[in-house]
Amino acid sequence: GAGVSQSPSNKVTEKGKDVELRCDPISGHTALYWYRQSLGQGLEFLIYFQGNSAPDKSGLPSDRFSAERTGGSVSTLTIQRTQQEDSAVYLCASSPQGTGELFFGEGSRLTVL
Amino acid sequence: AQSVTQLDSQVPVFEEAPVELRCNYSSSVSVYLFWYVQYPNQGLQLLLKYLSGSTLVKGINGFEAEFNKSQTSFHLRKPSVHISDTAEYFCAVSAGTYKYIFGTGTRLKVLA
């Protein structure tokens, strides 16, 4: 079956522009995560969705960041008024509840000029 | 709160030599521990996990890790590495909730 799909794989944008990153999780996985991976920084938790519950947004670094998950499936991470420090790889992961395993997409590499 | 420390940012090793990648964690409660591998330009994939039971955990590609509660460690080992093991390895901890804390990663470079 298909894995976690993320698009675009690469995005170059100018400072101040808005960007949308998309994640299509594995079918049937109830949990969905967004992480940010910066060079030498490991994975930084951004947001967590579980079924129809309210998401945990505690990792979003500023109010320029938002995410939604429609119909319990596809998720979109939106960054408004991008800044150079937003440059990173944004990873999406999904998980079937209770297994303790995260399945990651290949990431969206964002470069803000 | 939990935290994870991977002290080695880079580990070079010759092909067919053994390797150990170190991971230490801190937590006031029982934890679950994971190792993930990230090959170049790919997402992370699970190598192995410790949830309970035997402290020696075997994973894919010949890797294993040992959970040591007294030393709060979960070091990853492989007796003989291959060129194809060149990748970045991440240790992660969870207290059984949905939150996973990842270390900063260790780049393993296998030399011919």
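Listed in order, the protein sequences are those of chains A and B.
Going from the first sequence to this note's numbering is simple: count from 1 and add 270.
Going from the second sequence to this note's numbering is simple: count from 1 and add 26.
Ideal Cβ placement from N, Cα and C applies to all residues, glycine included.
I need the DSSP call for residue i, collapsed to helix, strand or coil.
i, result
"A/GLN354", "helix"
"A/GLY298", "coil"
"A/ASP326", "strand"
"B/SER110", "helix"
"A/VAL274", "coil"
"A/SER308", "strand"
"B/VAL119", "strand"
"A/GLU284", "coil"
"B/SER29", "strand"
"B/TYR124", "coil"
"A/ARG379", "strand"
"A/LEU347", "strand"
"A/ALA337", "strand"
"A/LEU372", "coil"
"B/ALA138", "coil"
With the cut-off set at 9 Å, would you say residue i and residue j are in Cβ contact?
i, j, result
"A/LEU361", "A/LEU313", "yes"
"A/SER378", "A/GLN276", "yes"
"A/THR300", "A/GLY321", "yes"
"B/LEU74", "B/TYR58", "no"
"B/ALA118", "B/ARG103", "no"
"A/SER364", "A/ILE296", "yes"
"B/TRP61", "B/GLY79", "no"
May I ask you to check if the CB of residue i is nearer than 8 Å to at least one heavy atom of the ligand MN?
i, result
"B/SER96", "As for the ligand MN, it is missing from this structure, which has no ligand bound."
Measure the beta-carbon distance from residue i to residue j and round it to whole angstroms, keeping in mind my assumption that it falls under 8 Å.
i, j, result
"B/GLU137", "B/VAL45", "The sequence given here has Leu at residue 137 of chain B, not Glu. Contact doesn't hold; Cβ gap of about 11 Å is too wide."
"B/VAL63", "B/TYR115", "5 Å"
"B/THR98", "B/ASN50", "6 Å"
"A/LEU319", "A/GLY329", "Note that residue 319 of chain A is Phe in the sequence shown, not Leu. Not confirmed; about 12 Å, so no contact."
"B/VAL30", "B/GLY129", "4 Å"
"A/VAL274", "A/ASP294", "7 Å"
"A/THR348", "A/VAL282", "Going by Cβ atoms, the distance from A/THR348 to A/VAL282 rounds to 17 Å, so no, they are not a contact pair."
To be precise: take each residue of the stretch 121-134 of chain B, compare its Cβ to all Cβ atoms of chain A, and keep it if any distance is under 9 Å. Which residues remain?
With the criterion set as a beta carbon lying under 9 Å from some beta carbon of chain A, the members of the stretch 121-134 of chain B are GLY122, TYR124, LYS125, TYR126, ILE127, PHE128, GLY129, THR130, GLY131, in sequence order.
Point to revise | Runs of beta strand (DSSP E) wholly within the stretch 37-101 of chain B (minimum 3 residues, chain order) | key: Every unbroken stretch of the beta strand (DSSP E) spanning 3 or more residues and falling wholly within the stretch 37-101 of chain B is given here in chain order: 45-47, 50-52, 58-64, 70-76, 82-84, 90-94.
*Using a Cβ-Cβ cut-off of less than 9 Å, list which residues of the stretch 63-94 of chain B approach chain A; keep chain order.*
Of all residues in the stretch 63-94 of chain B, those with a C-beta nearer than 9 Å to a C-beta of chain A are GLN64, ASN67, GLN68, GLY69, LEU70, GLN71, LEU72, LYS75, LEU77, reading in chain order.
Please name the residues in the stretch 99-122 of chain B whose beta-carbon is closer than 9 Å to at least one beta-carbon of chain A, in chain order.
-> Taking 9 Å as the upper bound on Cβ-Cβ separation, chain A lies near residues PHE116, ALA118, SER120, GLY122 of the stretch 99-122 of chain B.
Residues from the stretch 307-331 of chain A in contact with chain B, defined by Cβ distance under 8 Å: For the stretch 307-331 of chain A, the residues whose beta carbon sits under 8 Å from a beta carbon of chain B are, in order, GLY310, GLN311, GLY312, LEU313, PHE315, TYR318, GLN320, ASP326.
* Asked: Using Cβ-Cβ distances below 8 Å, what residues of the stretch 47-59 of chain B are close to chain A?
  -> Here the close residues are TYR58.
- Query: Using Cβ-Cβ distances below 7 Å, what residues of the stretch 354-379 of chain A are close to chain B?
  - Reply: Hits within the stretch, in order: LEU361, GLY370, GLU371, LEU372, PHE374, GLY375, GLU376, GLY377.
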